[in-house]
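A quick write-up on the structure given underneath.
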Amino acid sequence: MDERAALRQLAATLPYAGDDAAVVDDTAITTDMLHETTDFPAGTTRYTAGWRSVAASLSDLAAVGASPTAAVAAYADTAFDGETLSEFIDGAQAVCAAVDAEYVGGDLDTHSEFTIATTAIGAVDESVDRAGATPGNRVVVTGRFGRSAAALRYFEQEAFDTANDLFQFTPRVDTGRTLAGVATAMMDSSDGLARSLHQLAEASDCGFAINRAAVPVADALSEVADDREDRWEAAVHFGEDFELVATVPADAVADVRAASPTPLTEIGRVVADDEGVGVDGEPLADRGYTHA
Numbered sequence: 001m002d003e004r005a006a007l008r009q010l011a012a013t014l015p016y017a018g019d020d021a022a023v024v025d026d027t028a029i030t031t032d033m034l035h036e037t038t039d040f041p042a043g044t045t046r047y048t049a050g051w052r053s054v055a056a057s058l059s060d061l062a063a064v065g066a067s068p069t070a071a072v073a074a075y076a077d078t079a080f081d082g083e084t085l086s087e088f089i090d091g092a093q094a095v096c097a098a099v100d101a102e103y104v105g106g107d108l109d110t111h112s113e114f115t116i117a118t119t120a121i122g123a124v125d126e127s128v129d130r131a132g133a134t135p136g137n138r139v140v141v142t143g144r145f146g147r148s149a150a151a152l153r154y155f156e157q158e159a160f161d162t163a164n165d166l167f168q169f170t171p172r173v174d175t176g177r178t179l180a181g182v183a184t185a186m187m188d189s190s191d192g193l194a195r196s197l198h199q200l201a202e203a204s205d206c207g208f209a210i211n212r213a214a215v216p217v218a219d220a221l222s223e224v225a226d227d228r229e230d231r232w233e234a235a236v237h238f239g240e241d242f243e244l245v246a247t248v249p250a251d252a253v254a255d256v257r258a259a260s261p262t263p264l265t266e267i268g269r270v271v272a273d274d275e276g277v278g279v280d281g282e283p284l285a286d287r288g289y290t291h292a
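First residue of the sequence shown? That's 1 in full-length UniProt numbering, and the numbers climb one at a time after it.
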């Protein structure tokens, strides 16, 4: 059973399962777990690990339109070292400060590998889930795709300074708040743009028609991609970019683009369910990051 199948099973008894964060009354809450073998390549600093771990949960709050208030982390390692622990806390505090939240502590434990479990909470005025996309809506995304794929290649090349910098993404909290109340559906792209579109399509009973040329790609990826197809594959299917993917009414696109503090790009439109998820008239494969 993969993660998506497990979530479908849980949804039968847990009504808040399936979206990026659970929204209960006016509070949003989310939790994530990251492991050294699957999430932190060799050369990842503890500062970057602290930033990225907490940022993943803050991104989930952004995806439902919440304003983060606080985050905590359970920190587990094979042994404790004062310097690396301090670096981790510095990174966690820095990313919280970047979105006007506060890192307030957590738990310490020993484990067979470096593992972090983070939880973030936030306040919600108007939340957005994945289930409201309607044919005719437009698809908009924040930022550019392929940043994390590029980072991995820099890690492999032992260009650690560049790789760590690319791994320290800023959660799109401000834009999430801008889209709340306007977007009909939204999520973050942690599993990859292609898979995110399929997840939105499944939740909203719709399809998508995407314009390949409109999809924004990170400059860093263009610098390390082998060719055009490699660039596209890494940008759309690799995942771990934590950009927002949202659907908005066609007549609202100009206004939300003008109001968003992060650049928003229109990449396609919502179509009927029987048209599926496609790019330039061809099916877009449901492939992306898989949590192992």
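Glycine included, each C-beta is placed from N, C-alpha and C at the ideal position.
Since the structure is predicted, the reported quantities are computational estimates derived from the model, not experimental observations.
Checklist entry - For the putative contact between M187 and L179, defined by C-beta atoms under 8 Å, what is the C-beta separation to the nearest angstrom? => result Here residue 187 refers to the residue found at position 187 of the sequence shown. Here residue 179 refers to the residue found at position 179 of the sequence shown. Cβ atoms of M187 and L179 stay farther apart than 8 Å, at about 11 Å.
Next on the checklist: On a Cα-Cα basis, can you pick out the residue from A76, S127, C206, A28 that is closest to residue 361?
Outcome noted: For residue 361 there is no data in the structure shown, the boundaries of the chain being 1 and 292.
Checklist entry - If V215 sits next to A194, beta carbons under 8 Å apart, how far is it from one beta carbon to the other, in whole angstroms? => result As a position in the sequence shown, residue 215 is number 215, starting the count at 1. As a position in the sequence shown, residue 194 is number 194, starting the count at 1. A Cβ-Cβ distance of about 10 Å is found for the pair V215 and A194, leaving them out of contact under the 8 Å criterion.
Checklist entry - Could you give the distance in angstroms between the alpha-carbon of H237 and the alpha-carbon of D191? => result Here residue 237 refers to the residue found at position 237 of the sequence shown. Here residue 191 refers to the residue found at position 191 of the sequence shown. The alpha-carbon separation between H237 and D191 amounts to approximately 8 Å.
Next on the checklist: Looking at T115: is its Cβ nearer than 8 Å to the Cβ of A76?
Outcome noted: For the purposes of this step, residue 115 is identified with residue 115 of the sequence shown, where counting begins at 1. For the purposes of this step, residue 76 is identified with residue 76 of the sequence shown, where counting begins at 1. Against a cut-off of 8 Å, the Cβ pair of A76 and T115 comes out as a contact.
Next on the checklist: In the DSSP output, what is S67 paired with across the bridge?
Outcome noted: Counting from one through the sequence shown, the residue named residue 67 turns up at place 67. Per DSSP, A123.
Item to check | Contact under 8 Å by Cβ, A133 with S204 | outcome: Position 133 of the sequence shown, counted from the start, is the residue given in the question as residue 133. Position 204 of the sequence shown, counted from the start, is the residue given in the question as residue 204. Going by C-beta atoms, A133 is nearer than 8 Å to S204.
Item to check | Residue from S53, A98, G65, H35 whose Cα sits closest to the Cα of D20 | outcome: As a working note, residue 20 is residue 20 in the sequence shown. Put simply, of S53, A98, G65, H35 the residue whose alpha carbon is nearest the alpha carbon of D20 is G65.
Item to check | Helix, strand or coil at H35 [DSSP, three-state] | outcome: Counted from its first residue, the sequence shown places residue 35 at position 35. Of the three classes helix, strand and coil, the one that applies to H35 here is strand, per DSSP.
Checklist entry - Among A97, R172, A117, which residue has its Cα nearest to the Cα of F242? => result Translated into positions along the sequence shown, residue 242 becomes position 242. Across the set A97, R172, A117, the C-alpha of R172 shows the shortest separation from the C-alpha of F242.
Checklist entry - Would residue 336 be called buried (16 or more neighbouring beta carbons within 10 Å of its own) or exposed? => result For residue 336 there is no data in the structure shown, the boundaries of the chain being 1 and 292.
Next on the checklist: Tell me whether the region 142-151 and the region 89-101 touch, counting them as touching only if at least three CB pairs, one residue from each stretch, are closer than 8 Å.
Outcome noted: No: fewer than three Cβ pairs fall under 8 Å.
Item to check | Per DSSP, cross-strand counterpart(s) of L284 | outcome: The sequence position of residue 284 within the sequence shown is 284, counting from 1. DSSP links L284 through a beta bridge to no other residue.
Item to check | Supposed close pair N164, T45 - CB separation, criterion 8 Å | outcome: Residue 164 sits at position 164 when you count from the first residue of the sequence shown. Residue 45 sits at position 45 when you count from the first residue of the sequence shown. Indeed they touch by this definition, with Cβ atoms about 5 Å apart.
Checklist entry - Can you tell which of E113, I121, R269, A259 has the C-alpha that lies nearest to the C-alpha of D174? => result What you label residue 174 is simply residue 174 of the sequence shown in a count that begins at 1. Taking only the C-alpha atoms, the option nearest D174 is A259.
Next on the checklist: Going by DSSP in three states, G182 sits in which element: helix, strand or coil?
Outcome noted: Position 182 of the sequence shown, counting from 1, holds the residue named residue 182. According to the sequence provided, residue 182 is Val. The question's Gly does not apply to it. Looking at V182 - three-state DSSP - the assignment turns out to be coil, as it is neither helix nor strand.
Checklist entry - With a Cβ-Cβ cutoff of 8 Å, do A183 and V128 count as a contact? => result Taking the first residue of the sequence shown as 1, we reach residue 183 at position 183. Taking the first residue of the sequence shown as 1, we reach residue 128 at position 128. In contact: A183 and V128 (Cβ atoms closer than 8 Å).
Checklist entry - Alpha carbon to alpha carbon, what distance is there between S196 and D255? => result What you label residue 255 is simply residue 255 of the sequence shown in a count that begins at 1. What you label residue 196 is simply residue 196 of the sequence shown in a count that begins at 1. Straight-line Cα distance between these residues: approximately 24 Å.
Checklist entry - A201 lies in the beta strand (DSSP E); which residues open and close that run? => result In the sequence shown, counting from the first residue as 1, residue 201 sits at position 201. No beta strand (DSSP E) contains A201, which is instead part of the alpha helix (DSSP H) from 193-204.
Item to check | C-alpha gap between S222 and R153, whole angstroms | outcome: For this step, residue 222 is matched to residue 222 along the sequence shown. For this step, residue 153 is matched to residue 153 along the sequence shown. Approximately 12 Å, taken between the alpha carbons.
Item to check | Under 8 Å between C-beta atoms of P41 and F155 | outcome: For the purposes of this step, residue 41 is taken as the residue at position 41 of the sequence shown. For the purposes of this step, residue 155 is taken as the residue at position 155 of the sequence shown. In this structure, F155 lies closer than 8 Å to P41 by Cβ.
Checklist entry - Between which two residues does the alpha helix (DSSP H) carrying T162 extend? => result Numbered from 1 along the sequence shown, position 162 holds the residue referred to as residue 162. The continuous alpha helix (DSSP H) containing T162 extends over residues 160-167.
Item to check | Residue range of the unbroken beta strand (DSSP E) whose run includes Y103 | outcome: For the purposes of this step, residue 103 is identified with residue 103 of the sequence shown, where counting begins at 1. Start and end: 102-110.
Next on the checklist: With the cut-off set at 8 Å, would you say T162 and T110 are in Cβ contact?
Outcome noted: Locating residue 162 in the sequence shown gives position 162, where the first residue counts as 1. Locating residue 110 in the sequence shown gives position 110, where the first residue counts as 1. No; because the gap between Cβ atoms is not below 8 Å, this pair is not in contact.
Checklist entry - Which whole-angstrom value describes the C-beta separation of S57 and T31, a residue pair presumed to lie in contact below a C-beta threshold of 8 Å? => result Here the question's residue 57 lines up with position 57 in the sequence shown. Here the question's residue 31 lines up with position 31 in the sequence shown. So it is a contact: roughly 7 Å between Cβ atoms.
Checklist entry - In terms of alpha-carbon separation, which member of L166, V248, I210 lies closest to A49? => result Counting from one through the sequence shown, the residue named residue 49 turns up at place 49. If you compare the alpha carbons of L166, V248, I210 with that of A49, the shortest gap goes to L166.
Checklist entry - What is the C-beta distance between R287 and A218, in whole angstroms, given that I count them as a contact (C-beta under 8 Å)? => result Stepping through the sequence shown from its first residue, residue 287 is reached at position 287. Stepping through the sequence shown from its first residue, residue 218 is reached at position 218. Contact flag wrong, Cβ pair sits at about 19 Å.
Checklist entry - Buried or exposed: which applies to V24, given that a residue is buried once 16 or more other Cβ atoms fall within 10 Å of its Cβ? => result Translated into the one-based positions of the sequence shown, residue 24 becomes position 24. In summary, V24 is exposed, with fewer than 16 beta-carbon neighbours lying within 10 Å of its beta-carbon over all protein chains present.
Item to check | Any beta strand (DSSP E) of 3 or more consecutive residues that is wholly inside the region 207-260 | outcome: The DSSP assignment places complete beta strand (DSSP E) segments of no fewer than 3 residues inside the region 207-260 at 207-210, 244-248, in order along the chain.
Next on the checklist: Using 8 Å for Cβ pairs, my map puts A185 next to A151. What's the rounded Cβ distance?
Outcome noted: Position 185 of the sequence shown holds residue 185. Position 151 of the sequence shown holds residue 151. With a Cβ gap of about 28 Å, A185 and A151 do not count as contacting.
Checklist entry - Beta-carbon separation of A71 and A101 under 8 Å? => result By one-based count along the sequence shown, residue 71 stands at place 71. By one-based count along the sequence shown, residue 101 stands at place 101. Yes.
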